[in-house]
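Undergrad: Residue 4 is where the sequence shown starts when you use the working numbering, and the numbers rise one by one after that.
Sending over a structure as structure tokens; questions will come in a sec.
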Amino acid sequence: MPTRGYIFFTKLYNVAPGDTNLRSTPILVPHRLLHLLPLHALPLSDKPDQCLLDKFPQGVRYSPSCQVLQLTQNRKQSNFSDFLGVQNPTQDLTYANLQVEVIRQQFDLTEVLIETAATKAALMDEESDDKKLLLRDAHCLHFACHGNFYEKSPLESCLTLANEEPLTLGEIFGLNLAQSRLVALSACETGLTVRNSLSDEYIGLPSGFLFAGTPSVINSLWKVDELATAFLMIKFYKNLEKSPQRETGEVAFALNQAQILLRDLTREDFEKFLDQFQQKIEEIWASLSKGKRKIAEKSLEKVRERQPRPFASPFYWSGFIATGY
């Protein structure tokens, strides 16, 4: 981390150091542009090799505003057995198929819209047969797709579905997600926000999903690394599986533990992860064009060259945050 950024983060941490009477799972409501920073990655002034996440092992949560936080606190905890996934609708995310196919195995009832089938009509269709899991019925919504943020027109910010169809923030605000327990946005720029000129609240995709009814959202702060994201999401859901009651704060705890694992992952442990999913990775590579496969292979080689911990940089592990309650 650049020296200037380190000094700035240290000053922020010193405003409310971890030794004060903060709750074991702090909830951060950032002010203005602080919404764009991974505050959970704040370095500790007394232990520069550790960060805020290490100080609060039960997890760090975020909220767009105190009003939204109060709204999510009052929601009942839904079941967590039904999974609806949107898988690589633009067909250009190499490891999206891996993460969704692994994650779906942890749920009782699953519906996955794969690549060209992940259209807006398929996702929003309310007149389909009763056997299909609808957007409004799913307990967990997982979007492994691109997200786009438009600062000058935030309500047009969107998740990109098949045929380049946008699911816009304006449409998300109008959804009914009362049955949802979690929305995971495993995509680029899904957490970027713009400040409402009438208040300090920020408007972005997470706010839209929280307003629509879900109490928890996982979202990214920048264009995330595909392979690191696949590992992180697989471990995140494995951690959630250990908490069948999905109690308050468990989403943040599961995410933060996965982030620490990714940060501290050694080259040897990374190789074990690759071995576990080697067959699936080979299938994914076989489906790529010659040029794209060569890019994927070189990308993996570069990861292996980063010693001793390939994903130690905050760029790889701190880009996702748990928003909500």
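The beta-carbon is built from N, C-alpha and C at its ideal position, and this holds for glycine as well.
Across which residues does DSSP place L330 in a beta bridge pair?
TA: Residue 330 is absent from the structure shown; the chain starts at 4 and stops at 328.
Undergrad: Could you pull out every residue in the same chain whose Cβ sits closer than 7 Å to the Cβ of D272, ignoring the five residues on either side in sequence?
TA: On the sequence shown, position 269 is the one that residue 272 refers to. Once the five neighbours on either side are set aside, D272 has no close Cβ partner at all.
Undergrad: My guess is that L265 and F314 are in contact by the Cβ rule of under 8 Å, so how many angstroms apart are they, rounded?
TA: Along the sequence shown, one-based indexing puts residue 265 at 262. Along the sequence shown, one-based indexing puts residue 314 at 311. About 5 Å; that satisfies the 8 Å criterion.
Undergrad: Which of the three DSSP states is assigned to Y319 in this structure?
TA: As a position in the sequence shown, residue 319 is number 316, starting the count at 1. Helix.
Undergrad: Report yes if the CB atom of L144 is closer than 8 Å to the CB atom of L87, and no otherwise.
TA: For this step, residue 144 is matched to residue 141 along the sequence shown. For this step, residue 87 is matched to residue 84 along the sequence shown. Cβ atoms of L144 and L87: closer than 8 Å.
Undergrad: Counting only the same chain and skipping the five closest in sequence on each side, list residues whose C-beta sits under 8 Å from that of L138.
TA: As a working note, residue 138 is residue 135 in the sequence shown. Around L138: L87, L126, M127, L144, L178, L180.
Undergrad: Report the three-state DSSP secondary structure of A231 (helix, strand or coil).
TA: The residue given as residue 231 occupies position 228 in the sequence shown. Note: A231 maps to helix in three-state DSSP.
Undergrad: Sort out for me which residues DSSP pairs Y65 with in a bridge.
TA: Position 62 of the sequence shown, counted from the first residue, corresponds to residue 65. Beta-bridge pairing links Y65 to L31, T326.
Undergrad: Please report the residue range of the beta strand (DSSP E) in which L170 lies.
TA: As a first step, residue 170 must be located in the sequence shown, where it is residue number 167. Looking at the DSSP string, the run of the beta strand (DSSP E) that includes L170 is 169 to 171.
Undergrad: Taking the alpha carbon of L224 as the point to measure from, which residue in N100, K238, P209 has its own alpha carbon closest?
TA: Here the question's residue 224 lines up with position 221 in the sequence shown. When only C-alpha atoms are compared, the closest one is P209.
Undergrad: Which first and last residues belong to the beta strand (DSSP E) in which S219 is found?
TA: Numbered from its first residue, the sequence shown carries residue 219 at position 216. Taken as a continuous stretch (DSSP letters only), the beta strand (DSSP E) holding S219 covers 219 to 223.
Undergrad: Rank E104, N259, Y328 by C-alpha distance to the C-alpha of L56 and give the top, closest one.
TA: Here residue 56 refers to the residue found at position 53 of the sequence shown. The option with the nearest alpha carbon to L56 is N259.
Undergrad: Kindly indicate the opening and closing residues of the beta strand (DSSP E) around A187.
TA: Position 184 of the sequence shown, counted from the start, is the residue given in the question as residue 187. Segment 185 to 188, the beta strand (DSSP E) holding A187.
Undergrad: Taking the C-alpha atoms as reference points, what is the distance between V105 and I237?
TA: Taking the sequence shown and counting its residues from 1, the one referred to as residue 105 is at position 102. Taking the sequence shown and counting its residues from 1, the one referred to as residue 237 is at position 234. Cα-Cα distance, rounded: 7 Å.
Undergrad: Identify the residues that DSSP records as bridge partners of G150: which are they?
TA: Residue numbering aside, residue 150 sits at position 147 when the sequence shown is read from its first letter. Per DSSP, L162.
Undergrad: With distances taken from CA atoms, which of V220, S246, R296 is nearest S84?
TA: Walking along the sequence shown from the start, residue 84 turns up at place 81. Nearest option by C-alpha distance: S246.
Undergrad: Give the C-beta separation of H149 and A190 to the nearest angstrom, bearing in mind that I take them to be a contact with Cβ-Cβ under 8 Å.
TA: Reading the sequence shown from its first residue, position 146 is the one you call residue 149. Reading the sequence shown from its first residue, position 187 is the one you call residue 190. Confirmed, about 6 Å.
Undergrad: Going by C-alpha distance, which of K79, Q108, E154 is nearest L36?
TA: Along the sequence shown, one-based indexing puts residue 36 at 33. Comparing Cα positions, the closest option is E154.
Undergrad: Expressed to the nearest angstrom, what Euclidean distance is found between the alpha-carbon atoms of S321 and N242?
TA: Here residue 321 is taken as the residue at index 318 of the sequence shown, counted from 1. Here residue 242 is taken as the residue at index 239 of the sequence shown, counted from 1. Distance between the alpha carbons of S321 and N242 is about 17 Å.
Undergrad: Answer yes or no: do L164 and A121 have a C-beta to C-beta separation smaller than 8 Å?
TA: What you label residue 164 is simply residue 161 of the sequence shown in a count that begins at 1. What you label residue 121 is simply residue 118 of the sequence shown in a count that begins at 1. Yes, these two residues count as a Cβ contact at 8 Å.
Undergrad: Does the distance from the CB of N82 to the CB of I287 come in under 8 Å?
TA: Start at 1 with the first residue of the sequence shown, and residue 82 comes out as number 79. Start at 1 with the first residue of the sequence shown, and residue 287 comes out as number 284. No, the pair does not count as a contact, with Cβ atoms beyond the cut-off.
Undergrad: Could you check the C-alpha separation between L42 and P60 for me, to the nearest Å?
TA: Against the sequence shown, residue 42 aligns to sequence position 39. Against the sequence shown, residue 60 aligns to sequence position 57. When rounded, the distance between both Cα atoms is 14 Å.
Undergrad: Do you know offhand how far L188's Cα is from T93's?
TA: Taking the sequence shown and counting its residues from 1, the one referred to as residue 188 is at position 185. Taking the sequence shown and counting its residues from 1, the one referred to as residue 93 is at position 90. Taking the straight line from one Cα to the other gives about 15 Å.
Undergrad: Expressed to the nearest angstrom, what Euclidean distance is found between the alpha-carbon atoms of A233 and Y98?
TA: As a working mapping, residue 233 is identified with position 230 in the sequence shown. As a working mapping, residue 98 is identified with position 95 in the sequence shown. If I take the Cα positions, the gap works out to 6 Å.
Undergrad: Going by beta carbon distance, what residues of the same chain come within less than 8 Å of T113, once the five residues before and after it are set aside?
TA: Within the sequence shown, numbered from 1, the residue matching residue 113 stands at position 110. Counting only Cβ-Cβ distances below 8 Å, and skipping sequence neighbours, we find D85, F86, L87, G88, R107, L136.
Undergrad: Would you decide whether C69 is buried or exposed? Buried here means 16 or more other CB atoms lie within 10 Å of its CB.
TA: Position 66 of the sequence shown, counted from the first residue, corresponds to residue 69. Exposed is the call here.
Undergrad: Which class does P92 belong to by DSSP, given the choice of helix, strand or coil?
TA: Taking the sequence shown and counting its residues from 1, the one referred to as residue 92 is at position 89. It is coil, neither helix nor strand.
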